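The working numbering numbers the first residue of the sequence shown as 44 and each following residue consecutively. Think of the CB as a built atom: it goes at the ideal place given N, C-alpha and C, for glycine as much as any other residue. For clarity, every value in this text was computed on a predicted model and none was experimentally measured.
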Amino acid sequence: MARTKQSSPELKVASSDGEPVKPEKDRKFVEALSRGLDVLRAFSQGPVILGNQDIARITGLPKPTVSRMTYTLTKLGYLSYNTQLEKYQLSSGVLALGYAYVSNLKVRQLAKPYMDEFARQTSMSVGLTCRDRLHMIYVENRLPPEASLLRMDIGLKLPMATTSAGRAYYCAISDKARLVIDDAMAVKYSDAWPEKKESLDQAMKDYKEHGFCLSIGEWDRNINSAGVPIHLQDGTIMALTCAAPSYLVPAEKLRGSIAHQLAMLAGDIESLGV
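Okay, here's the thing in C-alpha coordinates:
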(Lines of atoms letter the chains of each structure in order from A and count residues from 1; the text may use other names and numbers.)
(Lines give C-alpha, C1' and ligand atoms only; values in the text may rest on other atoms or scores of the structure.)
Protein backbone atom coordinates (compact mmCIF):
# COMPACT_ATOMS: atom_id res chain seq x y z
CA MET A 1 0.00 0.00 0.00
CA ALA A 2 2.86 2.37 0.79
CA ARG A 3 4.34 1.80 -2.67
CA THR A 4 1.03 2.76 -4.26
CA LYS A 5 1.10 5.99 -2.29
CA GLN A 6 4.63 6.72 -3.44
CA SER A 7 3.56 6.60 -7.08
CA SER A 8 0.60 8.94 -6.61
CA PRO A 9 0.47 11.81 -9.13
CA GLU A 10 0.30 14.51 -6.47
CA LEU A 11 3.46 13.26 -4.74
CA LYS A 12 5.32 12.92 -8.03
CA VAL A 13 5.15 16.67 -8.65
CA ALA A 14 5.64 17.79 -5.04
CA SER A 15 9.13 19.16 -5.75
CA SER A 16 9.54 22.56 -7.37
CA ASP A 17 12.84 21.73 -9.09
CA GLY A 18 11.20 20.05 -12.09
CA GLU A 19 12.38 16.58 -11.07
CA PRO A 20 9.78 13.91 -10.27
CA VAL A 21 9.75 12.66 -6.68
CA LYS A 22 10.79 9.00 -6.57
CA PRO A 23 10.97 7.91 -2.92
CA GLU A 24 11.65 4.28 -3.77
CA LYS A 25 14.83 5.26 -5.67
CA ASP A 26 16.07 8.09 -3.44
CA ARG A 27 18.15 6.96 -0.45
CA LYS A 28 18.04 10.44 1.09
CA PHE A 29 14.23 10.48 1.11
CA VAL A 30 12.81 10.00 4.64
CA GLU A 31 9.59 8.06 4.11
CA ALA A 32 8.38 8.44 7.70
CA LEU A 33 8.58 12.23 7.41
CA SER A 34 6.76 12.09 4.08
CA ARG A 35 3.95 10.07 5.62
CA GLY A 36 3.61 12.49 8.52
CA LEU A 37 3.32 15.44 6.15
CA ASP A 38 0.78 13.53 4.06
CA VAL A 39 -1.33 13.15 7.20
CA LEU A 40 -1.29 16.94 7.62
CA ARG A 41 -2.13 17.47 3.95
CA ALA A 42 -5.18 15.23 4.33
CA PHE A 43 -6.90 18.09 6.15
CA SER A 44 -6.83 20.18 2.97
CA GLN A 45 -8.66 17.48 1.01
CA GLY A 46 -11.66 16.78 3.21
CA PRO A 47 -13.57 17.96 6.29
CA VAL A 48 -11.72 20.08 8.83
CA ILE A 49 -12.13 17.33 11.45
CA LEU A 50 -10.92 13.83 10.58
CA GLY A 51 -10.60 10.51 12.33
CA ASN A 52 -7.79 8.03 11.78
CA GLN A 53 -9.98 6.01 9.44
CA ASP A 54 -10.77 9.12 7.37
CA ILE A 55 -7.08 10.00 7.13
CA ALA A 56 -6.18 6.44 6.13
CA ARG A 57 -8.76 6.56 3.34
CA ILE A 58 -7.51 9.92 2.02
CA THR A 59 -3.79 9.14 2.22
CA GLY A 60 -3.80 5.43 1.42
CA LEU A 61 -1.68 4.79 4.50
CA PRO A 62 -2.34 1.83 6.84
CA LYS A 63 -4.49 2.79 9.82
CA PRO A 64 -1.86 1.73 12.43
CA THR A 65 0.63 4.05 10.70
CA VAL A 66 -1.90 6.87 10.71
CA SER A 67 -2.57 6.33 14.42
CA ARG A 68 1.13 6.71 15.23
CA MET A 69 1.41 9.79 13.02
CA THR A 70 -1.62 11.55 14.50
CA TYR A 71 -0.41 10.81 18.03
CA THR A 72 3.03 12.25 17.26
CA LEU A 73 1.66 15.32 15.45
CA THR A 74 -0.68 16.01 18.35
CA LYS A 75 2.21 15.81 20.80
CA LEU A 76 4.16 18.27 18.63
CA GLY A 77 1.27 20.75 18.45
CA TYR A 78 0.39 20.35 14.76
CA LEU A 79 -2.90 18.55 15.47
CA SER A 80 -5.42 18.78 18.29
CA TYR A 81 -7.70 15.97 19.42
CA ASN A 82 -11.43 16.40 19.95
CA THR A 83 -12.31 13.95 22.72
CA GLN A 84 -16.06 14.17 22.09
CA LEU A 85 -15.84 13.36 18.38
CA GLU A 86 -12.68 11.25 18.76
CA LYS A 87 -11.22 13.03 15.75
CA TYR A 88 -8.39 15.41 14.92
CA GLN A 89 -8.09 18.88 13.48
CA LEU A 90 -5.18 21.15 12.55
CA SER A 91 -3.66 23.10 15.40
CA SER A 92 -1.75 26.37 15.74
CA GLY A 93 1.60 24.80 14.86
CA VAL A 94 0.50 24.51 11.24
CA LEU A 95 -0.74 28.10 11.22
CA ALA A 96 2.64 29.32 12.47
CA LEU A 97 4.42 27.63 9.57
CA GLY A 98 2.02 29.03 6.98
CA TYR A 99 2.18 32.52 8.44
CA ALA A 100 5.98 32.45 8.47
CA TYR A 101 6.00 31.72 4.73
CA VAL A 102 3.40 34.31 3.74
CA SER A 103 4.65 37.10 6.00
CA ASN A 104 8.21 36.76 4.69
CA LEU A 105 7.20 36.71 1.03
CA LYS A 106 8.78 39.91 -0.27
CA VAL A 107 6.90 39.98 -3.57
CA ARG A 108 3.59 39.92 -1.72
CA GLN A 109 4.42 43.07 0.21
CA LEU A 110 5.86 44.98 -2.75
CA ALA A 111 3.11 43.99 -5.19
CA LYS A 112 0.16 45.04 -2.97
CA PRO A 113 -0.06 48.71 -4.06
CA TYR A 114 0.24 47.73 -7.73
CA MET A 115 -2.45 45.10 -7.33
CA ASP A 116 -4.69 47.55 -5.47
CA GLU A 117 -4.44 50.10 -8.28
CA PHE A 118 -5.14 47.48 -10.95
CA ALA A 119 -8.17 46.27 -8.99
CA ARG A 120 -9.43 49.83 -8.69
CA GLN A 121 -9.02 50.56 -12.40
CA THR A 122 -10.57 47.32 -13.67
CA SER A 123 -13.07 46.51 -10.87
CA MET A 124 -11.62 43.00 -10.78
CA SER A 125 -10.25 40.74 -8.09
CA VAL A 126 -6.45 40.50 -8.37
CA GLY A 127 -4.60 37.50 -6.98
CA LEU A 128 -1.04 36.32 -6.45
CA THR A 129 -0.58 32.55 -6.38
CA CYS A 130 2.13 29.92 -6.10
CA ARG A 131 2.10 26.22 -7.00
CA ASP A 132 1.19 23.46 -4.59
CA ARG A 133 1.60 20.16 -6.44
CA LEU A 134 -1.18 20.11 -9.07
CA HIS A 135 -2.87 23.20 -7.63
CA MET A 136 -2.24 26.91 -7.29
CA ILE A 137 -2.62 28.48 -3.86
CA TYR A 138 -3.44 32.11 -3.05
CA VAL A 139 -0.85 34.09 -1.09
CA GLU A 140 -2.54 37.46 -1.71
CA ASN A 141 -5.86 38.76 -3.05
CA ARG A 142 -6.80 42.40 -3.57
CA LEU A 143 -10.24 43.80 -4.34
CA PRO A 144 -11.53 47.10 -5.74
CA PRO A 145 -13.03 49.54 -3.22
CA GLU A 146 -16.45 48.59 -1.92
CA ALA A 147 -16.38 45.26 -3.74
CA SER A 148 -17.27 41.96 -2.12
CA LEU A 149 -17.24 39.65 -5.15
CA LEU A 150 -14.59 36.98 -5.65
CA ARG A 151 -12.91 37.39 -2.30
CA MET A 152 -10.30 34.63 -2.30
CA ASP A 153 -8.86 33.84 1.12
CA ILE A 154 -5.14 33.32 1.49
CA GLY A 155 -4.50 29.57 1.33
CA LEU A 156 -7.35 28.83 -1.06
CA LYS A 157 -6.35 26.18 -3.60
CA LEU A 158 -7.26 26.20 -7.29
CA PRO A 159 -6.80 23.37 -9.82
CA MET A 160 -3.88 24.00 -12.16
CA ALA A 161 -5.51 22.58 -15.28
CA THR A 162 -8.60 24.78 -15.52
CA THR A 163 -7.59 28.12 -13.98
CA SER A 164 -5.72 31.03 -15.51
CA ALA A 165 -3.27 30.97 -12.58
CA GLY A 166 -2.43 27.33 -13.16
CA ARG A 167 -2.13 27.77 -16.90
CA ALA A 168 0.15 30.78 -16.53
CA TYR A 169 2.45 28.74 -14.28
CA TYR A 170 2.27 25.75 -16.62
CA CYS A 171 3.31 27.86 -19.61
CA ALA A 172 6.24 29.49 -17.83
CA ILE A 173 8.07 26.41 -16.55
CA SER A 174 10.65 24.38 -18.47
CA ASP A 175 9.65 21.74 -21.01
CA LYS A 176 11.10 19.08 -18.70
CA ALA A 177 9.06 20.22 -15.71
CA ARG A 178 5.95 20.50 -17.88
CA LEU A 179 6.30 16.88 -18.99
CA VAL A 180 6.45 15.74 -15.35
CA ILE A 181 3.24 17.66 -14.63
CA ASP A 182 1.62 16.25 -17.79
CA ASP A 183 2.39 12.70 -16.66
CA ALA A 184 0.92 13.37 -13.21
CA MET A 185 -2.20 15.02 -14.62
CA ALA A 186 -2.74 12.15 -17.04
CA VAL A 187 -2.93 9.78 -14.07
CA LYS A 188 -5.02 12.14 -11.95
CA TYR A 189 -7.64 12.94 -14.62
CA SER A 190 -7.63 9.65 -16.50
CA ASP A 191 -10.26 9.77 -19.27
CA ALA A 192 -10.76 13.52 -18.80
CA TRP A 193 -7.08 14.25 -19.45
CA PRO A 194 -7.24 14.65 -23.28
CA GLU A 195 -9.77 17.48 -22.95
CA LYS A 196 -7.74 19.21 -20.24
CA LYS A 197 -4.55 18.76 -22.24
CA GLU A 198 -6.19 20.39 -25.24
CA SER A 199 -7.08 23.42 -23.09
CA LEU A 200 -3.53 23.60 -21.74
CA ASP A 201 -2.14 23.45 -25.28
CA GLN A 202 -4.40 26.34 -26.23
CA ALA A 203 -3.14 28.22 -23.18
CA MET A 204 0.42 27.68 -24.45
CA LYS A 205 -0.55 29.20 -27.81
CA ASP A 206 -2.19 32.18 -26.11
CA TYR A 207 0.83 32.71 -23.89
CA LYS A 208 3.33 32.56 -26.75
CA GLU A 209 1.24 34.93 -28.88
CA HIS A 210 -0.13 37.36 -26.31
CA GLY A 211 1.82 36.86 -23.07
CA PHE A 212 -1.18 35.77 -20.98
CA CYS A 213 -3.52 32.82 -20.36
CA LEU A 214 -7.28 32.78 -20.01
CA SER A 215 -9.94 30.75 -18.26
CA ILE A 216 -13.32 31.63 -19.69
CA GLY A 217 -15.88 29.91 -17.51
CA GLU A 218 -13.76 26.75 -17.29
CA TRP A 219 -13.06 26.74 -13.55
CA ASP A 220 -16.41 28.32 -12.73
CA ARG A 221 -18.91 28.86 -15.53
CA ASN A 222 -19.73 32.33 -14.19
CA ILE A 223 -16.13 33.54 -13.84
CA ASN A 224 -13.74 34.91 -16.44
CA SER A 225 -10.08 35.31 -15.54
CA ALA A 226 -6.64 36.02 -16.99
CA GLY A 227 -3.26 34.95 -15.66
CA VAL A 228 0.39 35.79 -16.26
CA PRO A 229 3.55 34.35 -14.71
CA ILE A 230 5.89 36.32 -12.45
CA HIS A 231 9.54 35.28 -12.35
CA LEU A 232 11.26 35.99 -9.04
CA GLN A 233 15.01 36.53 -8.78
CA ASP A 234 15.52 33.26 -6.91
CA GLY A 235 14.02 31.33 -9.83
CA THR A 236 10.58 30.87 -8.29
CA ILE A 237 7.64 31.21 -10.67
CA MET A 238 4.33 32.58 -9.39
CA ALA A 239 1.16 33.63 -11.16
CA LEU A 240 -0.67 36.94 -11.13
CA THR A 241 -4.37 36.80 -11.98
CA CYS A 242 -7.42 38.99 -12.39
CA ALA A 243 -10.97 37.64 -12.25
CA ALA A 244 -14.55 38.85 -12.32
CA PRO A 245 -18.07 37.55 -12.95
CA SER A 246 -18.63 37.12 -16.67
CA TYR A 247 -21.57 39.55 -16.67
CA LEU A 248 -19.23 42.31 -15.44
CA VAL A 249 -16.20 41.47 -17.56
CA PRO A 250 -17.10 39.54 -20.74
CA ALA A 251 -14.48 37.47 -22.50
CA GLU A 252 -14.04 40.03 -25.28
CA LYS A 253 -13.15 42.81 -22.86
CA LEU A 254 -10.81 40.56 -20.88
CA ARG A 255 -9.02 39.34 -23.99
CA GLY A 256 -9.04 42.67 -25.77
CA SER A 257 -7.47 44.96 -23.16
CA ILE A 258 -7.46 43.87 -19.52
CA ALA A 259 -5.30 40.76 -19.95
CA HIS A 260 -2.68 42.85 -21.79
CA GLN A 261 -2.71 45.33 -18.89
CA LEU A 262 -2.20 42.43 -16.48
CA ALA A 263 0.86 41.29 -18.44
CA MET A 264 2.31 44.80 -18.17
CA LEU A 265 1.57 44.79 -14.43
CA ALA A 266 3.53 41.57 -14.04
CA GLY A 267 6.47 43.23 -15.78
CA ASP A 268 6.26 46.19 -13.39
CA ILE A 269 6.30 43.87 -10.39
CA GLU A 270 9.26 41.90 -11.73
CA SER A 271 11.14 45.17 -12.24
CA LEU A 272 10.98 45.75 -8.48
CA GLY A 273 13.73 43.14 -8.16
CA VAL A 274 11.78 40.68 -6.03
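Item checked: Per-residue DSSP class, three states only, for G260 -> Coil at G260, not helix or strand.
Next item on the list: Over the uninterrupted beta strand (DSSP E) stretch that includes M281, give me the two end residues.
Entry: Counting along the chain, the beta strand (DSSP E) containing M281 begins and ends at 280-288.
Margin query: I need the DSSP call for M179, collapsed to helix, strand or coil.
Written below: Note: M179 maps to strand in three-state DSSP.
Item checked: Three-state class that DSSP yields for Y121 in the structure shown -> Y121: coil per DSSP, three-state reduction.
Notebook entry, point to check: What separation, rounded to the nearest whole angstrom, lies between the Cα atoms of M228 and R210?
Noted result: Each residue's alpha carbon lies about 13 Å from the other.
Next item on the list: For Y131, write down the residues that DSSP places opposite it in a beta bridge.
Entry: Y131 pairs with L93, Y124.
Next item on the list: Taking 8 Å as the threshold, find out whether the region 283-301 comes into contact with the region 218-226 through three or more Cβ pairs.
Entry: In this structure the region 283-301 does not lie against the region 218-226, because fewer than three pairs of beta carbons, one per stretch, are closer than 8 Å.
Check: Would you say T108 and R78 are within 8 Å of each other, going by their C-beta atoms?
Finding: Note that the C-beta distance between T108 and R78 is below 8 Å.
Check: Expressed to the nearest angstrom, what Euclidean distance is found between the alpha-carbon atoms of E313 and F161?
Finding: Roughly 15 Å separates the two Cα atoms.
Item checked: Residue closest to F72, alpha-carbon to alpha-carbon, out of S58, R84, L83, V82 -> Closest by alpha carbon: S58.
Notebook entry, point to check: Among residues of its own chain, excluding the 5 on either side of I301, which ones have a beta-carbon nearer than 6 Å to its beta-carbon?
Noted result: If we look at I301 and ignore the five residues flanking it on each side, its Cβ neighbours are T165.
Note to self: So for V271, helix, strand or coil by DSSP?
What the structure shows: The three-state secondary structure of V271, taken from DSSP, is strand.
Next item on the list: Kindly confirm or deny that the region 204-219 and the region 246-257 touch, where touching means at least three C-beta pairs closer than 8 Å.
Entry: Segment contact: the region 204-219 against the region 246-257, three or more CB-CB distances shorter than 8 Å; contact assigned.
Next item on the list: Within its chain, find whatever has a CB closer than 7 Å to the CB of V182; leave out the 5 residues flanking it on each side and keep chain order.
Entry: Cβ neighbours of V182 beyond the five flanking positions: V145, L148, R151, L171, T172, C173, I197.
Notebook entry, point to check: Does DSSP classify R70 as helix, strand or coil?
Noted result: R70 falls in the coil class under three-state DSSP.
Check: What's the call for P90, buried or exposed, on a 16-neighbour Cβ count within 10 Å?
Finding: With fewer than 16 other Cβ atoms within 10 Å, it is exposed.
Next item on the list: Figure out for me which residue from L153, L128, M281 has the closest Cα to the Cα of D175.
Entry: With respect to the C-alpha of D175, the residue from L153, L128, M281 having the closest C-alpha is M281.
Check: From D311 to L201, what does the alpha carbon distance come to, in whole angstroms?
Finding: Spanning the two alpha carbons is a distance of roughly 25 Å.
Check: Can you name the start and end residues of the alpha helix (DSSP H) that P202 belongs to?
Finding: Not the alpha helix (DSSP H): P202 falls in the beta strand (DSSP E), residues 200-202.
Item checked: Under the three-state DSSP convention, the category T115 falls into -> Here T115 sits in helix by DSSP.
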